[in-house]
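Read in the working numbering, the sequence shown has 71 at position 61, and its numbers run on one by one without any break.
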Amino acid sequence: MSFNTVNINQQMTYFDGHTEVWLFGYGSLIYKADFPYIERRPASIRHWVRRFWQGSHDHRGTPEAPGRVVTLIPQPGAVCVGMAYLITPEALGHLDVREKNGYLRFVTELSLDDGRRSDGLVYIATEENAAFLGAASEREIARHIAQSAGPSGPNRDYLLHLAEALRQMDADDPHVFEIERELAELIKHSNG
Ligand code: SIN
Numbered sequence: 011m012s013f014n015t016v017n018i019n020q021q022m023t024y025f026d027g028h029t030e031v032w033l034f035g036y037g038s039l040i041y042k043a044d045f046p047y048i049e050r051r052p053a054s055i056r057h058w059v060r061r062f063w064q065g066s067h068d069h070r071g072t073p074e075a076p077g078r079v080v081t082l083i084p085q086p087g088a089v090c091v092g093m094a095y096l097i098t099p100e101a102l103g104h105l106d107v108r109e110k111n112g113y114l115r116f117v118t119e120l121s122l123d124d125g126r127r128s129d130g131l132v133y134i135a136t137e138e139n140a141a142f143l144g145a146a147s148e149r150e151i152a153r154h155i156a157q158s159a160g161p162s163g164p165n166r167d168y169l170l171h172l173a174e175a176l177r178q179m180d181a182d183d184p185h186v187f188e189i190e191r192e193l194a195e196l197i198k199h200s201n202g
């Protein structure tokens, strides 16, 4: 599959005719909303876990030295907490470009923190995409993140902003918090 998923995503017709769509964000879309939205609230989806297993060539790394960002991996029974945005379909053009490095639009049921449920749209980079990096230990991922940077800034900022946003929502994510802890250790040792 090509790195650029814009064309594939623009062929998705599931939400055609809808005037509003719920978008579920679980990575940078939690803390960086650079698109217009009508409503924003914490939400969760089931049967997926967040993992720093996707390569970033365009935001937190380069094609020669990709950074590591999150994607979702299927896991029966798991609950992934993120942020839902009620958007109009016009916002999707911008989102397709932002998420173009391997992420495909999926439809999923999301549960909003006020008890409402709805079909929603989520961008997931599956293991078939060319930028997928796959599993590594939290320590290895922290090392990788510590040395990566791209047009959107240092890879560590992505991790730290995500961890902080998850804490603000009281969301437990042992994978993300363990990588954050490993990164703090690395920084401590490199400073002294
Ligand atoms: C998301 O945040 O929902 C997708 C991954 C990312 O853009 O970091």
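The C-beta atom is built at its ideal place from N, Cα and C for all residues, glycine as well.
Nearest to residue i (by Cα), restricted to the options the options
i: PHE142; options: GLY112, TYR95, TYR47, HIS154; result: GLY112
i: ALA146; options: ALA159, MET93, ILE189; result: ILE189
i: ALA69; options: THR136, GLY160, HIS199; result: Rather than Ala, the amino acid found at residue 69 in this sequence is His. Per the Cα distances, GLY160.
i: PRO52; options: LEU176, LEU131, ILE134, LEU114; result: LEU176
i: ILE134; options: ILE151, SER121, ARG108; result: ARG108
i: TYR36; options: ASP167, HIS185, GLU148, LEU82; result: LEU82
Nearest-angstrom Cα separation, counted from residue j out to residue i
i: MET11; j: GLN64; result: With a pLDDT of 47 at MET11, under the threshold of 50, the modelled position of that residue is not reliable, and the figure given next carries that caveat. Cα to Cα, MET11 sits roughly 14 angstroms from GLN64.
i: ASN17; j: ILE155; result: 29 angstroms
i: SER54; j: LEU39; result: 14 angstroms
i: GLU100; j: GLU195; result: 43 angstroms
i: SER158; j: PHE34; result: 26 angstroms
i: HIS28; j: ARG153; result: 43 angstroms
i: ALA140; j: ASP180; result: 33 angstroms
i: ASP123; j: ASP182; result: 15 angstroms
i: GLU150; j: ALA75; result: 15 angstroms
i: TRP58; j: ARG115; result: 15 angstroms
i: VAL79; j: LYS42; result: 14 angstroms
i: GLN178; j: GLN85; result: 24 angstroms
Residue burial classification, residue i (beta-carbon count within 10 angstroms, cutoff 16)
i: SER200; result: exposed
i: THR23; result: exposed
i: PRO73; result: exposed
i: THR15; result: buried
i: ASP129; result: exposed
i: ILE197; result: exposed
i: HIS67; result: buried
i: VAL91; result: buried
Contact test: residue i Cβ vs the ligand SIN heavy atom, cutoff 7 angstroms
i: GLU137; result: no
i: GLU109; result: yes
i: GLY35; result: yes
i: SER162; result: no
i: SER121; result: no
i: SER38; result: yes
i: PRO133; result: The sequence shown places Tyr at residue 133, rather than the Pro named in the question. At least one heavy atom of the ligand SIN is nearer than 7 angstroms to the Cβ of TYR133, so yes.
i: TYR95; result: no
i: VAL59; result: no
i: VAL79; result: yes
i: TYR113; result: yes
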